[in-house]
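Numbering (the numbering used here), first residue to last: 17 to 345.
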C-alpha cells in the first residue's frame, strides 16, 4: 500500500505519460499504429516506476506488473528497477532493488539492469557505486550489468537529445565494473537504442542519425539499433530489410544487437511476432537459431583482461556473422 511520502515522491519524481511521448519530446515521428506501439514502451516504463517509487511492497508491485501485457511487461520492470534504485539511494532506503532482481524481475534481468541505468541518470555520480546490488545465484550477474550503462546512455539521448544526439557529446568516463575505458562504448549502445525510438522506428532516419556520429562510435550505435528494432519492434519486413542494407559495414553489429534482443525475449519466455520478423531480417536466423548462437558463444570468461566478459561475448557473436559474410563473399 502506498504511503503519503510515497505519493509525494510519485508526484515530484515520476514523469507524466505525455511527457515521454514522441510529440512532447519533439521527435520527428509520424503517428501510426506502429509508432503508437513503440511509444507505449516508455509509457510502460513510467507505470513501473510509479508503482515502485510509491514505496509499495514487492508483493504489490509484482501483482501490478503481472497485469501489464506480456509484450510490455519487461519495460514495466525496467521502470520498477529504476524506482527501487532511486529509493535505495535515499538515506532510509536499502535492499529493494536486490529483492526485485532476485525475485520477480529474474526473467527480465536484462531490462531490469537498464532500469538501474535510468536511475543513474537521476542520481549524482558519487551514489553510483552502490546502485548495483550483489546478486546471489543470478546467472547473468554481473556480466550483463553493463546494460545499466546502456540504460544510462538511452536515457540521456531520449531526454536530452540535443546534447547527446545532435551535439554528440560523450560522457566522462566512469569505472563501472572497474572498466572506465569501456564505459563510453556501453553508453553508445544505449544511444543507438534511443535513435530507434527518437525516429519512431524509421530505419532510414535511424541509419542516417547513426551515420552522423564519428566512425569510432558507429559500431556500438548500430548494435543498439539492432537490439531496439528486434526487442521493441516498430518496423515491417521491408523496413527491416532496408535497415540491414543501410548498415553496410556495420551489419555484423546490427545482427549482434538483434541476437541479444532475442536472448532477452526468450529468457523472459515471451517472443512477440515482431521479434521473429526482425531476427530473420537482421540476422538471417530464426529466433531459435539466434538463441542458440547466443547460448553457444556464452562462456565463463575471466574478468581480468582488457575487455569485460560482456564485450567478449558480444565479440564472439560478432565474429560468427563476420565469418558468414566471408564465406558468402
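Yeah, the Cβ is synthetic: ideal placement off N, Cα and C, and Gly gets one too.
Does DSSP put residue i in a helix, a strand or coil?
| i | result |
| --- | --- |
| residue 239 | helix |
| residue 161 | helix |
| residue 286 | coil |
| residue 229 | coil |
| residue 216 | coil |
| residue 21 | Because the pLDDT of residue 21 is 45, which lies under 50, any placement of that residue in the model is unreliable, and the number read from its coordinates should be weighed accordingly. Residue 21: helix per DSSP, three-state reduction. |
| residue 137 | coil |
| residue 189 | coil |
| residue 316 | coil |
| residue 195 | coil |
| residue 32 | coil |
| residue 274 | helix |
| residue 322 | coil |
| residue 108 | coil |
| residue 249 | coil |
| residue 128 | helix |
| residue 183 | coil |
| residue 121 | coil |
| residue 266 | helix |
For the putative contact between residue i and residue j, defined by C-beta atoms under 8 Å, what is the C-beta separation to the nearest angstrom?
| i | j | result |
| --- | --- | --- |
| residue 240 | residue 208 | 2 Å |
| residue 92 | residue 64 | 4 Å |
| residue 127 | residue 169 | The Cβ separation is near 15 Å, so there is no contact. |
| residue 165 | residue 199 | 6 Å |
| residue 36 | residue 62 | 6 Å |
| residue 97 | residue 116 | 6 Å |
| residue 139 | residue 173 | Residue 139 to residue 173, Cβ: 18 Å. No contact. |
| residue 335 | residue 297 | So it is not a contact: roughly 21 Å between Cβ atoms. |
| residue 277 | residue 270 | That belief does not hold up - the Cβ atoms of residue 277 and residue 270 are roughly 11 Å apart, past 8 Å. |
| residue 337 | residue 243 | About 14 Å; that fails the 8 Å criterion. |
Between which two residues does the alpha helix (DSSP H) carrying residue i extend?
| i | result |
| --- | --- |
| residue 295 | 289-299 |
| residue 13 | For the chain, the structure presents residues 17 to 345; residue 13 sits outside this window and is missing. |
| residue 57 | 49-69 |
| residue 154 | Counting along the chain, residue 154 falls outside any alpha helix (DSSP H), and DSSP gives it neither H nor E. |
| residue 310 | 303-313 |
| residue 88 | 86-105 |
| residue 38 | 38-41 |
| residue 325 | 325-344 |
| residue 114 | 112-118 |
| residue 45 | Here residue 45 belongs to no alpha helix (DSSP H), and DSSP marks it neither H nor E. |
| residue 77 | 74-82 |
| residue 259 | 253-263 |
For a cutoff of 8 Å on Cβ pairs, would you count residue i as touching chain C?
| i | result |
| --- | --- |
| residue 303 | Within the model displayed, chain C is absent; a lone protein chain is all it includes. |
- Task: Tell me, please, whether the region 292-305 touches the region 122-132 by the rule of three or more beta-carbon pairs shorter than 8 Å.
- Result: Segments in contact, no.
- Is the region 154-162 in contact with the region 136-146, if contact means three or more CB pairs nearer than 8 Å? no
- State whether the region 233-251 contacts the region 273-290, with contact taken as three or more CB pairs (one from each stretch) at a distance under 8 Å. yes
- Message: Check whether the region 187-198 and the region 228-236 touch, using three or more Cβ-Cβ pairs below 8 Å as the test.
- Response: no
- Sufficient close CB pairs (3 or more, under 8 Å) joining the region 212-231 to the region 323-337: no
- For the 8 Å Cβ check, are there 3 or more pairs between the region 302-313 and the region 162-181? no
- Decide if the region 37-47 is in contact with the region 65-79; the criterion is three or more beta carbon pairs, one per stretch, under 8 Å apart. Segments in contact, no.
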